[in-house]
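Numbering (full-length UniProt numbering), first residue to last: 1 to 291. These notes concern the structure reproduced below.
Listed below in structure tokens is the structure:
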């Protein structure tokens with residue numbers, strides 16, 4: 001990895017840290033979700049960077065892949081546990097970071113994911129196997145009295161690629177990828193009061209283009225005009241102008257041109273917390289770009 005690439009990762013990390021703090025500060029009882037999401041996303045472009053994915057804001061038992069809908073009327077309420085997950089890229093080099101905002105009395109649950117993240121970061125160095133990080137994450141979360149979400153993982157980051165190798169498990173496992181100097185990835189523990197497994201909800205707000213084929217429907221063409229400049233990075237249904245967007249999306253998914261990301265959630269009535277940082281492996285440990 002040359003100096004220009006390192007600098008791009010560092011710049012993206014610094015901006016992501018700055019914007020995440022500001023955006024999370026907008027999560028207040030009575031505040032509209034749509035206003036918070038749009039204001040935070042606009043902060044990224046004002047800082048001269050680009051979004052790596054739509055701002056994820058997931059409530060309570062929802063863990064990931066939720067964002068504001070067009071015309072969304074949801075409002076943050078007392079008792080909510082809100083995950084704010086932000087991805088920024090500079091010339092395709094990505095910083096992915098998240099925190100949990102507690103509008104209730106979920107402090108120990110928030111601390112569980114945060115403590116697991118810090119424990120895992122402390123173990124990152126060349127030669128460590130990713131399964132060892134999962135063991136550390138699971139132990140830290142269980143020590144706080146909660147369950148890790150076993151079917152969500154951290155992930156490698158590459159240029160315009162959000163989910164590459166290595167995969168960083170949130171539960172103990174044997175083996176895995178041996179960490180090497182220069183690897184870039186995000187570690188993101190999820191702690192839950194529920195089952196420890198997320199499933200897909202019917203609602204989908206986020207998509208990415210996975211094939212370059214023409215479309216006939218005008219609405220599908222408009223969607224691809226939004227998707228193509230993303231170079232495979234996800235986009236929000238909310239970003240597509242015009243009408244009949246749902247028809248265009250369903251057609252493109254059915255034809256294998258778009259991949260949908262349904263909202264992921266644990267059992268109803270449960271609460272999930274999340275913490276996440278991006279880092280690259282150095283000779284003696286790691287440098288956290290988003291801390």
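The C-beta atom is built at its ideal place from N, Cα and C for all residues, glycine as well.
Looking at 273, 284, 282 and 278, the one whose alpha-carbon comes closest to that of residue 114 is 273.
Non-local C-beta neighbours of residue 270 in its own chain, meaning closer than 8 Å and more than five positions away in sequence, comprise 60, 61, 192, 193, 194 and 195, ordered along the chain. Contact check for residue 88 and residue 95: beta-carbon distance about 5 Å, within the 8 Å limit, so the pair qualifies. Going by C-alpha positions, residue 14 is about 14 Å away from residue 52. Judged by DSSP secondary structure, residue 117 falls within the alpha helix (DSSP H) whose first and last residues are 107-123.
CA-CA distance, residue 217 to residue 225, rounds to 12 Å.
Counting other Cβ atoms within 10 Å of its Cβ, residue 29 stays below 16 and is therefore classed as exposed. In the DSSP assignment, residue 168 falls within the beta strand (DSSP E) that extends over 161-168.
Contact between the stretch 200-216 and the stretch 241-260 is present: three or more C-beta pairs spanning the two stretches fall below 8 Å. For residue 260, the pairing in a beta bridge is given by DSSP as 207.
Distances from the alpha-carbon of residue 69 to those of 291, 236, 259 and 279 put 236 closest. Remark: fewer than three beta-carbon pairs, one from each stretch, lie closer than 8 Å, so the stretch 136-146 and the stretch 96-105 are not flagged as touching. Bounds of the beta strand (DSSP E) holding residue 83 are 81-90. Short of 7 Å from the beta carbon of residue 135, and not among the five residues preceding or following it, lie these beta carbons of its own chain, in chain order: 172. Scanning 54, 259, 279 and 190 for the CA closest to the CA of residue 151 turns up 190. Close CB contacts of residue 231 within its chain, under the 8 Å cut and outside five residues either way in sequence, are with 92 and 160 (chain order).
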